[in-house]
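To keep things clear, I will list the structure first and then write my remarks on it.
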Amino acid sequence: MSTEGAAARGGADRLEEWFADRGWEPFEYQRRVWRAQRDRESGLVQVPTGLGKTLAAIGGVVQDALEREDKGGGLRVLWVTPLRALARDTVRSLSEVLDGVELPWRVELRTGDTGSARKKRQRTDPPEILVTTPESLGVLLSFPERNEIFAALDTVVVDEWHELLGSKRGVLLELELAHLRRRRPDLVLRGLSATLGNPTEALRVLTGDDSGRIDSGPPAGEIEMDILLPEDVLRFPWAGHIGLALLDEVVDALEPAESALVFTNTRAQAELWHRALVDARPDWRERIALHHGSIARADRRRAEEGIADGSLKAIVCTSSLDLGVDFQPVERVFQIGSPKGIGRILQRAGRSGHRPGATRKLIGVPAHAFEIAEFVAARRAVHSGEIEPRTSVRGALDVLAQHVVTLTVGGAVAADDLFQEARSTWAFADLDRSEWDRVIDFVTRGGEALAAYDRYHRLVLGDDGVLRPARSRLGREHRPTIGTITDDGALEVRFMKGGRLGTIEESFLGRLSPGDSFLFAGRVLELVRIRDMRAYVRIARKKSGPVPRWAGGRLPLSSHLADAVAGVLEEERIPEPEGRALDALLAVQDRWSGRPGRTHLLIEHTRSREGDHAFLYPFLGRLGHEGLAMLLAWRWTQDSPRTVHVSMNDYGIELLSDGGLPENEAAWRHLLRRGDLESDLVRAMNAGELARRRFREIARVAGLVHVGLPGRRKSARNLQASAGLVFDVLDRYDPENLFLGQARREALDMELEVGRIAAGLESMADRAIRFRATERLTPLAFPIWAERIQAQASSESWLERVRRESAKLERAAGDRRTGTSGRGPADGMSRSR
Amino acid sequence: MITAADSQGDSGSPGPREGPRIRVGTRTLLLDHSGAAIDPGSGRLFVADLHLGKGGTLRRAGVPIPAGTSRETMERISRTVARVGGSVREVWVLGDLVHAAAGLDESLVGEVAEWIAGLPGGGLHLVRGNHDRSAGRLPAEWHLEAHDEPHLLDGLYAAHIPPEPGRPDPSVDDRAMLAGHLHPMVRAGRGRTRTRKMPAFVGWGGAMDRPRVLVLPAQGRMVDGAVIRGRPGLYAWVCAEGEVVALAEGAW
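For the protein sequence lines, the chains are H and C, in the order given. Counting from 1, one number per residue, gives the positions in the first sequence under this note's numbering. Counting from 1001, one number per residue, gives the positions in the second sequence under this note's numbering.
Have a look at this one:
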């Protein structure tokens, strides 16, 4: 082997040769990033999936190492990735490059799955490139060996930065990077991301300051988006319907595809579609797999490999396959139900055609009629290059508290250094001294009101301003709790014989009794018993059962897309051909009421046996509407005692009152005032309950609840106290507690999207209000009404009632038909498949 | 747990409504909204699951729970005793008086001793629960009259862990039983109108006005409840807003 000869040639040449050997030519952007690496300039690289961003990031490092004939010895590059599944593929592709250019460096993986012997060895003999997650990096920073491990660190690559950016995991990483930067002031930070709406902010969050460059990859190919349409457009569709109406069309579109991904918005929807497809085509049973975050990792892995080796035809999946797991691009991508956001659709479409300039295909499958408008709006936005910004999380004190403990268990640290590190991050740039002192109070004394916590031993702040662990075992107790991902009380689902199927929330399983059946992991299962946080199951004899509902299924429409949908719906005639499918529906909307819009606010007023209904269409998305509806209801009940029920979807809200509703514009304007929005909201919403919900995560991250250690289940039993209980106790004994405050704030910002509501109210103040008294529910109002009925009733009676009502409305629309709407005979609601 | 029932009951509203009376085995019991069951005939007041020292146990393990939860648990029982009045002659704990040995520091041991001395008869009867047993020898200065479960008392069993519904416990005969351990709570109603979880008495066997097993809700401030879901054959009496309300089958 001619290592010497190779070294004689420049590193740049060898990399180019390696490309040439494979018949590749580096992209211009890759060369730019390599140069930036040589100049030791940090930056963000935005590039769609599959266009060589791994090579862009590592190429410069490799060239540099070859030039300097750096044979290694010690950690040079940290490669941080949000997903363990991604990490494995990254190791593989990095190894290929290193082998190809004959750079004798090691690449290793370190995640929660890595064996303990290897992890231990990595601490004394780290590889040159370590691929890891923010959580595992935290663990590494909590060991005393960190001084040696990071002594020669040169570059940190953050893969899929856009995924981390908007979450507390991103905050955790920001803090870790700040610490590494203090150790290694020359560190090069390289963020890799999909195309972002706000790249400048994304870069700032990564580097903590204004430094760094932004490079963009070649433009992705065109996105071709087809929208499947039913022969008959259900006239009065309701949200929450799984949209199986288009099953036959999806089967037809799948037939010719060699490989396909069928994306859904929720795990429950994925289960149902998987089931429906397999029932429709039993011959595909072995060729269609299911993939979502609750399914056992081994099964997910099998599905990914099945697509790569061609043994599978399709995977029905959720956002679990959004990220760049590096399997072969598929031929077709389906999106079942609302596209929800522009960035999301781009990412999913990017799963097909991984070549620059290659056309990427996405087939939209609307689950109800208005989702046709959502796909039309998304397609327009994609073509005009719009994309949502990703905003980062700021002020997450729970993460800061955890991080302070993490660093301290790895060895004494000066509190002031940590303060400066925190302030150097985007997340805590505004952290003031008093907040910091409260965090320190918390990790040393348990909190300020809690000076009487005589036995509380976590950290000790010495007179020298240095933080030290209060007891030697703290590190061992703390490490397993590092991270911000909360397992929401999930139970492992296993066969009696031992095979693991995945996890399901306790809240769902708790409602089942032994013998009950349910659909999970593509099978109908029967619950045998629940023991030791495990649900034991067997294959059920029954053919069907309820589907678990996982938390977080109801992603709201992004503000960008909601606005775009309002734009589509206000058009007198939608120019796209798919618009024809909505013509009949919109004709009824026009006849009975009118269109909502972006320059006016439509308020429909309907009277029924239930009382007075008002329907408003602000298009703020479900979460924003939830807060807005509660706010309006609360304000309206302040003047006189009435009962107001509310309901909402992504387009609008319903207020139902038994004691009248505002009757004129002034009264509505008064209700819709900005006023003291935050404090009104706190009183209107059961804000305490929402804060209590947020507190679960905060308490775990900050270390307010004891997390059982693996293998120590029994001894930890005495230490069990739920976050809810701790919340109640703190609320009573220590109401000013730092983390209660954070929970309340997060409830407003994240659960209620108070910012979106405020913007909505301000915009509405400038718009004309159009009142329409309608005799019955309009096509836009009906889905909102149905949401409320669904919340009140059990599923059976809900479906029945909604069917009955929609049939009535359908008849009414038919009776008043002018005869020109051109509906086909099958336009009715009652047709079932 | 902190519930509407507590705040109402603790405020000492004038003449709280008396709870339902049910027959358990040979005894007639009055269900109190504090979660205590009173046998007016014998002058005994039964409570369950105080878990004294749980806050301290957690603090010691690095979980920052404010001090005062154990004190408040004791005060709450004292208030119940005072409210029920002079008819209470003995207080019985149906297990889990303490949480763990780690939480029993000197000051708490003293506080508990003082509290017990102030109870009617100046003492406390304890049917040992699983936590009491694993806490080891309890402080002598508490002068407990401790019994192993199940303890036969006036023709019914005082116990900590109840038998499973529908599954007879071979260690006892078919006499009725009072127990704790489950920390029962229920949520009434369904859908959006479903209530928060509220402490409740839960019973089974026999009939609703004379169950064979009656499980008391937990007294401890620092104790989580377990939501019991209604099903045929289970009875529940929920403690809410200073009252005890019997829930109809299917209403929870």
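For each residue, glycine too, the CB sits at the ideal point set by N, CA and C. Note that the coordinates shown come from a computational prediction; the quantities given were computed from them, not determined experimentally.
Could you name the residues that DSSP lists as bridge partners for residue i?
i: His-605/H; result: Ala-614/H, Ala-773/H
i: Gln-335/H; result: Phe-263/H, Gly-364/H
i: Arg-534/H; result: Glu-492/H, Arg-531/H
i: Gln-1219/C; result: DSSP, once it has assigned bridges, lists no residue as partnering Gln-1219/C.
i: His-1147/C; result: Val-1127/C
With 8 angstroms as the threshold, decide whether the Cβ of residue i is near any Cβ in chain H.
i: Thr-1195/C; result: no
i: Val-1238/C; result: no
i: Met-1198/C; result: no
i: Asp-1202/C; result: Correcting the residue identity first, residue 1202/C is Val in this sequence and not Asp. No, no contact with chain H.
i: Ile-1022/C; result: no
i: Ile-1065/C; result: yes
i: Asp-1224/C; result: yes
i: Leu-1234/C; result: no
i: Arg-1059/C; result: yes
i: Thr-1069/C; result: yes
i: Gly-1035/C; result: no
According to DSSP, is residue i part of a helix, a strand, or is it coil?
i: Gly-191/H; result: strand
i: Ile-1116/C; result: helix
i: Thr-481/H; result: helix
i: Ser-307/H; result: A small fix is needed here, since residue 307/H is Ile in this sequence, not Ser. Helix.
i: Pro-783/H; result: helix
i: Thr-155/H; result: strand
i: Asp-226/H; result: strand
i: Leu-582/H; result: helix
i: Met-630/H; result: helix
i: Asp-215/H; result: strand
i: Ala-765/H; result: helix
i: Ala-1236/C; result: strand
i: Trp-1092/C; result: strand
i: Gly-74/H; result: coil
i: Val-1172/C; result: coil
i: His-162/H; result: helix
i: Phe-695/H; result: helix
i: Thr-503/H; result: strand
Using a Cβ-Cβ cut-off of 8 angstroms, state whether residue i counts as contacting chain C.
i: Trp-18/H; result: no
i: Asp-734/H; result: yes
i: Gly-447/H; result: yes
i: Val-705/H; result: yes
i: Ala-743/H; result: no
i: Ala-721/H; result: yes
i: Val-528/H; result: no
i: Val-537/H; result: no
i: Phe-695/H; result: no
i: Arg-267/H; result: no
Who are the near neighbours of residue i in its chain, counting only those whose CB is closer than 6 angstroms to its CB and skipping five residues on each side?
i: Gly-502/H; result: Ser-294, Ile-295, Ala-296, Val-493, Ala-521
i: Arg-694/H; result: Ala-743, Glu-746, Ala-747
i: Ala-16/H; result: The residue you asked about is not Ala; residue 16/H is Glu in the sequence shown. Excluding residues within five positions, none has a Cβ falling inside 6 angstroms.
i: Leu-1234/C; result: Trp-1204
Among residues of its own chain, excluding the 5 on either side of residue i, which ones have a beta-carbon nearer than 8 angstroms to its beta-carbon?
i: Phe-27/H; result: Leu-51, Gly-52, Ala-56, Gly-217, Pro-218, Pro-356
i: Leu-491/H; result: Thr-503, Ile-504, Glu-505, Glu-506, Leu-509, Ile-530, Met-533, Arg-534, Ala-535
i: Gln-647/H; result: In the sequence under discussion, the amino acid at residue 647/H is Ser, which differs from the Gln named in the question. Ala-629, Ile-653, Glu-654, Leu-656, Ile-784, Trp-785, Glu-787, Arg-788, Ala-791.
i: Gly-552/H; result: Because Gly-552/H carries a pLDDT of 49, less than 50, the predicted location of this residue cannot be relied on, and the following value inherits that uncertainty. Closer than 8 angstroms at Cβ, skipping near neighbours: no residue.
Within its chain, find whatever has a CB closer than 7 angstroms to the CB of residue i; leave out the 5 residues flanking it on each side and keep chain order.
i: Glu-762/H; result: Arg-674
i: Gly-1205/C; result: Pro-1211, Arg-1212, Val-1213
i: Gly-10/H; result: Glu-67
i: Leu-777/H; result: Thr-606, Trp-785, Leu-809
For this session: May I ask you to verify whether the segment 1066 to 1086 of chain C touches the segment 1147 to 1163 of chain C, counting CB pairs closer than 8 angstroms and requiring at least 3?
Result: With the cut-off at 8 angstroms, the segment 1066 to 1086 of chain C and the segment 1147 to 1163 of chain C do not touch.
Problem set entry | Touch test, the segment 722 to 735 of chain H against the segment 1061 to 1078 of chain C, Cβ-Cβ under 8 angstroms, three pairs minimum | Between the segment 722 to 735 of chain H and the segment 1061 to 1078 of chain C there are three or more inter-stretch CB-CB distances shorter than 8 angstroms, so the stretches are counted as touching.
For this session: Tell me, please, whether the segment 36 to 44 of chain H touches the segment 200 to 215 of chain H by the rule of three or more beta-carbon pairs shorter than 8 angstroms.
Result: They touch, by the three-pair rule.
Exercise. Are the segment 223 to 233 of chain H and the segment 191 to 210 of chain H in contact at 8 angstroms, needing three or more beta carbon pairs?
Worked result: No: the two stretches stay apart, fewer than three of their Cβ pairs being nearer than 8 angstroms.
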